[in-house]
Amino acid sequence: MPDRIVLATCRAWPELSPSDRCLADALVQRGFRVERAPWNGPFEPFDGARAVLIRSTWDYHQTLDDYRAWLDRLEPTRVFNAPDLVRWNLDKAYLTDLAARGALLPACTIVEADAALVAGALARLSLREAIIKPTVGASGVGVERVACGHEAEALARFHAVTRSPRLLVQEFIPEVTAGEIAGVFFGGTFSHGLRRVPATGEFRVNSQYGGRMEAAALDEATIDAMTRVLRSLPSEPLYARIDGVRRNARFVLMEVEVTEPGLGLHLAPGAGDRFAAALVARLHAA
211 MPDRIVLATC RAWPELSPSD RCLADALVQR GFRVERAPWN GPFEPFDGAR
261 AVLIRSTWDY HQTLDDYRAW LDRLEPTRVF NAPDLVRWNL DKAYLTDLAA
311 RGALLPACTI VEADAALVAG ALARLSLREA IIKPTVGASG VGVERVACGH
361 EAEALARFHA VTRSPRLLVQ EFIPEVTAGE IAGVFFGGTF SHGLRRVPAT
411 GEFRVNSQYG GRMEAAALDE ATIDAMTRVL RSLPSEPLYA RIDGVRRNAR
461 FVLMEVEVTE PGLGLHLAPG AGDRFAAALV ARLHAA
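If you read the sequence shown in the numbering used here, its first letter stands for residue 211, the second for the next number, and so on.
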């Protein structure tokens with residue numbers, strides 16, 4: 211019987227995305243049996259799988275303790291990305307960790323979700339405008355733009371959609387309104403570039419706010435900067451998406467996605483095959 215690969219989805223989005231269907235097809239061509247299963251459904255599909263790939267687990271932030279418990283149950287040598295790396299990436303405090311390791315990021319800090327504390331953070335960072343984000347969140351939920359003197363209004367919108375007790379205060383980078391660039395890596399090697407474009411008048415690039423993803427050509431300097439970020443992670447991920455913007459001819463890191471990123475495999479010819487090849491190499495090396 212062929213080895214079984216399970217792509218983890220979620221109850222809210224149980225089907226494979228167009229991107230992940232490219233991966234599934236490439237794995238089938240290599241002789242694997244591919245299944246999908248929601249992380250917050252029965253555990254049996256994950257038990258005994260040759261590998262579990264964390265893919266569209268996009269509702270994890272709603273029941274974070276359950277998600278962490280699910281990660282704990284998985285066999286660490288057979289789940290990608292590795293649970294320890296995923297746990298590190300779940301909390302946006304990882305950005306301050308990367309800044310300490312030399313990554314160029316917008317000015318940022320983490321505070322309790324309180325308007326007065328957000329105002330204090332803006333003052334400490336010498337910012338007149340910032341973005342606030344739940345420290346644990348996904349799909350742009352709770353991400354708000356805040357200006358000095360209007361912290362209470364932004365926090366009211368924040369609390370209306372998330373119960374996160376802490377938030378990231380991050381310098382607002384105007385370049386994001388033109389779109390973020392992203393580099394996708396498999397097994398530590400650059401695969402393809404993407405651009406995440408917000409809707410007109412919006413700064414959030416998530417699809418629920420009208421954002422879209424498209425293929426993009428990245429220059430060598432940008433790829434090199436993304437690669438340096440990748441090499442500063444606690445461990446090498448099987449797959450990763452490095453998001454940022456170009457500002458003053460330099461790459462500024464916005465996010466590192468090694469938990470459940472959209473990888474745009476359907477936008478880059480051969481990307482699904484490159485992902486599958488990297489997985490096979492990792493399995494053979496285990």
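We put the beta carbon where it would ideally sit given N, CA and C, even for glycine.
Check residue i in the structure and name its three-state DSSP category.
i	result
VAL468	coil
PHE485	helix
ASP429	coil
VAL353	coil
ASP434	helix
ARG456	strand
ARG414	coil
VAL490	helix
HIS271	helix
PHE242	coil
GLY574	Shown here, the chain extends from 211 to 496; a query on residue 574 therefore has no answer.
Taking all protein chains shown into account, do 16 or more other C-beta atoms lie within 10 angstroms of the C-beta of residue i, making it buried, or fewer, making it exposed?
i	result
ASN458	exposed
GLY359	exposed
GLN239	exposed
ARG265	buried
GLU470	buried
THR345	buried
PRO447	buried
SER336	exposed
ALA313	buried
ALA426	buried
ALA279	exposed
Starting from the Cα of residue i, find the closest Cα among the options and give me that residue.
i	options	result
PRO479	PRO252, SER401, GLU412	SER401
ARG460	ALA292, ASP434, VAL468	ASP434
ALA388	ARG422, GLN418, ALA366, GLN380	ARG422
ASP453	TRP223, GLU390, PRO228, LEU281	GLU390
ASP213	THR219, ARG260, ALA450	ARG260
GLU363	TRP280, ILE342, GLY350	ILE342
CYS318	ALA333, ASP324, ALA326	ALA333
GLY158	ARG355, CYS220, ARG338	No information on residue 158 is available, as it lies outside the stretch 211 to 496 that the chain covers here.
PRO248	ASP275, THR219, LEU274	THR219
Mind checking whether residue i and residue j have CB atoms under 8 Å apart?
i	j	result
VAL407	VAL394	no
ALA340	PHE368	no
LEU233	PHE485	yes
LEU440	GLY398	yes
ARG456	GLU385	yes
LEU305	LEU315	yes
ALA222	TYR270	no
ALA309	VAL321	no
LEU226	LEU237	no
PRO255	GLU245	yes
SER442	ARG311	yes
LEU404	GLU424	yes
VAL462	ALA450	no
GLN418	GLY482	no
VAL490	ASN291	no
THR267	ALA496	no
How about the stretch 369 to 389 and the stretch 287 to 300: do they share at least three Cβ pairs that are nearer than 8 Å?
No contact exists between the stretch 369 to 389 and the stretch 287 to 300.
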